[in-house]
Amino acid sequence: MHYFCNKMITRTSIFIRTAQVANAIKVCLSYLLSATLHRDLRLGMPLSASIEPANYCNLHCVQCPTGLGMITKKTSLLSLENFRKAIDVLTPELIYLNLYFQGEPTLNKDLPEMVRYATEKGVFTSVSTNGHFLDMNTCVKLKDAGLSHLIVSLDGANEESYRRYRRGGDFKKVIEGITNAVKSGLKVELQCLLLSSTENQRDEIEALGDKLGVWKTTFKTAQFYNSDSLMPADEKNSRYKKGSLTIKRKLHNRCWRVISGIVITTDGEILPCCFDKDCAHSYGNLFKTGTTKEALCGILHSQKASDFINTVFRNRRRCKICTNCTE
Ligand code: SF4
Ligand code: SF4
């Protein structure tokens, strides 16, 4: 009996991996064709997705539309039932799932069950959190559920610098959360935004990460919506030209992210990417259309989706969100 069960599991895994690889080849081909012919020529299904467990947050970060209350949609949590439906239509092709968009994912108590469901379907899972609700019980549940990667934001080497950006946050609580996550065996990445309050603390933050035993510490340039005082003083720590909100690198009329992935919000809106914070470019609503593979394909290839992608591949400057994006 045990032998037959193992054999079935192996066969299922081979089926999933084959579907994922075949789809990834189609998506790469889609990108090359779309970039060469400057139009939406998508084949296959998304190979990555961000699904939003909660669209509200306990913090008020300085440049976050959620924390600043700029988001106009109603606050909500994703139900486990809708999450399962979304995963059912995205698999077996989906390879990577990020359980985060706007809002703090650990506010959704079904998060470990969501991770378990996606993991059982052969999907690599990642959660990005502000680290305030990582008690030992939650960490153990996430580990048991098979979470592949936990990203914890820690923008500062001490309480004072941390609070400059993470307004309403508690530095000690995040340190405690990281400690619990590491102890429970999760693969933890400590992520720090490069801001005027952190750019001179890189060594200290790295040393703190080592002391806490995290898998790695990374530094990321921050996205800004206004020229806030937290803009780094050193241009090399910023994605913008000095004293402006103009992206330093050349904006190409192509985008891998919009071809390979999607975002699904708590209430089922399908968005092109995580820069569409307030759902201005929704392709359609998955939960209102029956949540079948056919419905998903219909939304992905709707007129709205094609128009958006054609704009990105012809003249991305016409799309506001694409001008504040490093992709
Ligand atoms: S913790 Fe994340 S979601 Fe919450 S306000 Fe800060 S950046 Fe936004
Ligand atoms: S904002 Fe535009 S360029 Fe950036 S990831 Fe989204 S679609 Fe691509």
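Counting from 143, one number per residue, gives the positions in the sequence shown under the working numbering.
Even glycine gets a Cβ: it sits at the ideal position worked out from N, Cα and C.
None of these values were measured; they are calculated from a predicted model.
Extent of the continuous alpha helix (DSSP H) run through residue i
{"i": "L354", "result": "344–354"}
{"i": "Q333", "result": "That residue, Q333, is in no alpha helix (DSSP H); its beta strand (DSSP E) goes 330–336."}
{"i": "L220", "result": "No alpha helix (DSSP H) holds L220; DSSP gives it neither H nor E."}
{"i": "G403", "result": "No alpha helix (DSSP H) holds G403; the beta strand (DSSP E) holding it covers 403–406."}
{"i": "F313", "result": "313–325"}
{"i": "I193", "result": "No alpha helix (DSSP H) holds I193; the beta strand (DSSP E) holding it covers 190–193."}
{"i": "T468", "result": "From DSSP, T468 is part of no alpha helix (DSSP H); its letter is neither H nor E."}
Identity of the residue in the options nearest residue i by Cα
{"i": "T178", "options": "I412, V400, N395, F450", "result": "N395"}
{"i": "S172", "options": "T208, R459, F455", "result": "F455"}
{"i": "I158", "options": "R458, S371, K168, K263", "result": "K263"}
{"i": "L276", "options": "P247, F266, C203", "result": "P247"}
{"i": "E341", "options": "V316, T363, G432, L253", "result": "T363"}
{"i": "G211", "options": "S221, N197, L222", "result": "N197"}
{"i": "D230", "options": "S338, C421, M187", "result": "M187"}
{"i": "P84", "options": "T271, V269, D182, N165", "result": "Nothing about residue 84 can be read from this structure; the chain reaches only from 143 to 469."}
{"i": "T388", "options": "H423, G311, K285, Y367", "result": "Y367"}
{"i": "K392", "options": "I347, V265, Y304, R458", "result": "R458"}
{"i": "K251", "options": "L296, E223, P195", "result": "P195"}
{"i": "V400", "options": "D376, E436, F361, D449", "result": "D449"}
{"i": "V330", "options": "I317, S303, L292, Q365", "result": "L292"}
{"i": "K430", "options": "H274, N224, Y238, I347", "result": "N224"}
{"i": "V282", "options": "P254, R305, G351", "result": "P254"}
{"i": "S109", "options": "F417, S386, W357, H423", "result": "Past the boundaries of the shown model lies residue 109; the chain is included only from 143 to 469, so the question cannot be answered."}
{"i": "K446", "options": "R460, W357, G426", "result": "G426"}
{"i": "C461", "options": "G440, G432, D418, N200", "result": "D418"}
{"i": "H423", "options": "E436, C439, S444, K216", "result": "S444"}
{"i": "C416", "options": "K285, P374, I463", "result": "I463"}
{"i": "N272", "options": "V265, K315, F266", "result": "K315"}
{"i": "T359", "options": "S371, P374, L336, T280", "result": "L336"}
{"i": "T280", "options": "T321, G311, D352, R306", "result": "T321"}
{"i": "I404", "options": "W357, S176, S190", "result": "S190"}
{"i": "L332", "options": "K384, V169, F361", "result": "F361"}
{"i": "R169", "options": "T154, S176, K383, L185", "result": "This sequence places Val at residue 169; Arg is not what is there. That would be L185, whose Cα lies nearest to the Cα of V169."}
{"i": "G351", "options": "G319, I451, C397", "result": "G319"}
{"i": "L222", "options": "R258, C397, V324, V163", "result": "R258"}
{"i": "S402", "options": "T152, L174, T154", "result": "L174"}
{"i": "V265", "options": "I441, K149, R226", "result": "R226"}
{"i": "L296", "options": "S339, S218, K390, M278", "result": "S339"}
{"i": "L99", "options": "A375, G310, L232", "result": "Lying before the first or after the last residue shown, residue 99 is absent from the chain, which here runs from 143 to 469."}
{"i": "Q98", "options": "T154, C439, T217, S371", "result": "Nothing in the structure corresponds to residue 98, since the chain is present only between 143 and 469."}
{"i": "G116", "options": "G209, G432, D182", "result": "With the chain running from 143 to 469 in the structure shown, residue 116 is simply not present."}
{"i": "V163", "options": "Y238, L201, L354, H180", "result": "Y238"}
Residue i - DSSP class collapsed to helix/strand/coil
{"i": "A375", "result": "coil"}
{"i": "K149", "result": "helix"}
{"i": "L210", "result": "coil"}
{"i": "Y382", "result": "strand"}
{"i": "N165", "result": "helix"}
{"i": "S339", "result": "coil"}
{"i": "K430", "result": "coil"}
{"i": "I196", "result": "Note on identity: in this sequence residue 196 is Ala, with Ile being the wrong assignment. Three-state DSSP puts A196 in a strand."}
{"i": "K227", "result": "helix"}
Residue range of the beta strand (DSSP E) that includes residue i
{"i": "S270", "result": "266–271"}
{"i": "A437", "result": "Counting along the chain, A437 falls outside any beta strand (DSSP E), though it belongs to the alpha helix (DSSP H) covering 435–442."}
{"i": "I451", "result": "No beta strand (DSSP E) contains I451, which is instead part of the alpha helix (DSSP H) from 445–457."}
{"i": "L91", "result": "What the structure shows of the chain is the stretch from 143 to 469, and residue 91 is not part of that stretch, so it cannot be assessed."}
{"i": "E411", "result": "411–413"}
{"i": "F361", "result": "358–363"}
{"i": "N134", "result": "This structure gives no information on residue 134, because the portion of the chain shown stretches from 143 to 469."}
{"i": "Y238", "result": "238–241"}
Expected contact under 8 Å - CB spacing of residue i and residue j to nearest Å
{"i": "T465", "j": "R381", "result": "About 12 Å separates the two Cβ atoms, so there is no contact after all."}
{"i": "Q244", "j": "I213", "result": "6 Å"}
{"i": "A287", "j": "T261", "result": "6 Å"}
{"i": "R308", "j": "C203", "result": "6 Å"}
{"i": "M256", "j": "L241", "result": "6 Å"}
{"i": "C421", "j": "L413", "result": "6 Å"}
{"i": "G298", "j": "F313", "result": "7 Å"}
{"i": "F408", "j": "L220", "result": "Sequence check: residue 408 is Thr here, not Phe. With 8 Å as the limit, T408 and L220 qualify as a contact, their Cβ atoms being about 4 Å apart."}
{"i": "V269", "j": "L289", "result": "6 Å"}
{"i": "I317", "j": "C334", "result": "With 8 Å as the limit, I317 and C334 do not qualify as a contact, their Cβ atoms being about 13 Å apart."}
Residue i CB to nearest heavy atom of ligand 4 below 7 Å
{"i": "G327", "result": "Looking at this structure, you won't find ligand 4 anywhere; what it does contain is ligand 1 and ligand 2."}
* Quick one: complete beta strand (DSSP E) runs, 3+ long, within the stretch 276–305? -> 291–295, all fully within the stretch 276–305.
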